[in-house]
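Residue numbers (the numbering used here): 518 to 732.
Glycine included, C-beta positions come from ideal geometry on N, C-alpha and C.
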Amino acid sequence: MAGTFITFEGPDGAGKTSVLAALMPKLQAHLAKPVRLTREPGGAKLSEAIRELILDPANTEMDARTEALLYAASRRQHLAEVIRPALEAGEVVICDRFVDSSVAYQGAGRQIGEDAVLAMNQFATEGLTPVRTLYLDVPSQVGLARIEAHRQDRQYDRLDRESIAFHQRVRGAYLRLAEREPERIVTIDATKPLAQVVSDCLGTLHTVLSASWLA
Ligand code: TMP
């Protein structure tokens, strides 16, 4: 495909939202072609409706495999409707979370199996894989403390409410993925100040997008 597919990943409280908000205008200023920011779960009408369903704290009865299937269904629609057409049109697509999130949260966090979740997602994505993934790493205690500190500013969802053990399994899975796929996954230390994290991300993106980078 003509475009470039890049994802951002990280445990809850890694600061992805703040980093992407600060990063996007800087990135666009360096590129002559359009950069599209999108997110999962969500990014398309049906996918956003599934997001509401999954994250609603009232849905306590949701089975772990149901949750994994809903994330994959949301992803499929987002890919078919938004990501693939944008890549075919030559855009740079930055996606806030993708398949690695399901492997980490459902596979390891919910303990339904990282390989099984990956296989199910390969069906959903037909194997579409990002060329680079920026993994914003924070220890679970740091991430959870940040969520607690910002509880008034953002929705406190069903997954934020999980135990520290759940969040530690999620981070463990991300670290294993990064070790297994060092060419694709770049680990960024997200305990650093925001400006430094943004600058580290920009440095990594420069290496991926060097061909279309304006000075
Ligand atoms: P967000 O906080 O980055 O918007 O993500 C919402 C929550 O959804 C977050 O706790 C991570 C979780 N999640 C999964 O559990 N599996 C997935 O596949 C995705 C995309 C997100």
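Would DSSP call residue 652 helix, strand or coil?
strand
Would you mind sorting residue 727 into buried or exposed? The rule is 16 or more other CB atoms within 10 Å of its CB.
exposed
Find the nearest neighbour of residue 711 within the set 540, 560 and 598, judged by alpha-carbon distance.
540
Do you know whose CA, among 637, 572, 682 and 587, lies nearest residue 673's CA?
572
Is residue 699 near ligand 1, judged by its Cβ being under 7 Å from some heavy atom?
no
Helix, strand or coil at residue 613 according to DSSP, with G and I counted as helix
strand
In angstroms, rounded to a whole number, what distance separates the CA positions of residue 547 and residue 533?
20 Å
Would you kindly report the start and end of the unbroken beta strand (DSSP E) that includes residue 596?
Note, residue 596: premise wrong, no beta strand (DSSP E); not H, not E.
So residue 534 is in the beta strand (DSSP E); what residue range does that whole segment cover?
No beta strand (DSSP E) contains residue 534, which is instead part of the alpha helix (DSSP H) from 533-547.
Can you name, in chain order, every residue of its own chain whose Cβ lies under 7 Å from the Cβ of residue 500, other than the five neighbours on each side?
With the chain running from 518 to 732 in the structure shown, residue 500 is simply not present.
In its own chain, which residues sit with a C-beta less than 6 Å from the C-beta of residue 565, not counting the 5 before and 5 after it?
559
Just grab the DSSP bridge partners of residue 522 for me.
610
Answer yes or no: the CB of residue 613 versus the heavy atoms of ligand 1, is any distance below 7 Å?
yes
Measure the beta-carbon distance from residue 552 to residue 609 and round it to whole angstroms, keeping in mind my assumption that it falls under 8 Å.
5 Å
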